[in-house]
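Only one structure is covered here, and it is reproduced in the block below.
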Amino acid sequence: MAGSRIYKLGSIFTRVEGLIKAGGMQPSEQPLWLDVYRAFPPLEEPSFYRTVTASGPVRPILYPEDTARMQFYREHGNTLVDLQDTTELSPCQRTPH
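Numbering follows numbering that gives the first Met the number 0, in which position 13 of the sequence shown is assigned residue number 12; successive positions increment by one, without gaps.
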């Protein structure tokens with residue numbers, strides 16, 4: 000377990016604890032968050048196989064900048080611009096205002 004890199008087998012806390020117990024990591028090298036995690040453990044142990052209980056439908060998330068981004072790409076397209084090339088105009092400069 001100490002050398003395992005498979006994230007499904009245990010949480011990062013149990014893997015770090017295993018490394019310290021096995022001597023793979025010195026107590027002086029332990030991460031800063033380890034003492035905090037020991038003092039305030041989660042109410043439920045993190046697990047890859049834990050199922051999530053749905054409290055309702057997932058709401059679509061749309062931020063104001065997403066609308067501005069969609070409008071920009073609709074008007075100017077999705078092209079790459081070389082900022083060091085001063086001979087060509089950018090898509091924004093080509094579009095009449």
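Glycine included, each C-beta is placed from N, C-alpha and C at the ideal position.
Let's see if you can read the secondary structure: which residues bound the alpha helix (DSSP H) around residue i?
i	result
I60	Segment: none, I60 is in no alpha helix (DSSP H) and carries neither H nor E.
P30	Per DSSP, P30 belongs to no alpha helix (DSSP H) and is neither H nor E.
L18	I11 to A21
R93	P90 to R93
Do residue j and residue i count as a contact pair if the criterion is CB distance below 8 Å?
i	j	result
P90	G76	yes
Y36	F71	no
A30	V51	Residue identity check: residue 30 is Pro in the sequence provided, not Ala. Taking 8 Å as the Cβ cut-off, P30 and V51 do not qualify as a contacting pair.
Between residue i and the rest of its own chain, which residues show a CB-CB distance below 8 Å, the 5 nearest in sequence each way excluded?
i	result
L42	none
P63	none
What residues in its chain sit with their C-beta under 6 Å from that of residue i, if we drop five residues either side in the sequence?
i	result
S10	P45
Take residue i and list the residues in its own chain whose beta-carbon comes closer than 7 Å to its own, dropping the five residues that flank it on each side.
i	result
I19	P26 and Q29
T78	P90
A53	none
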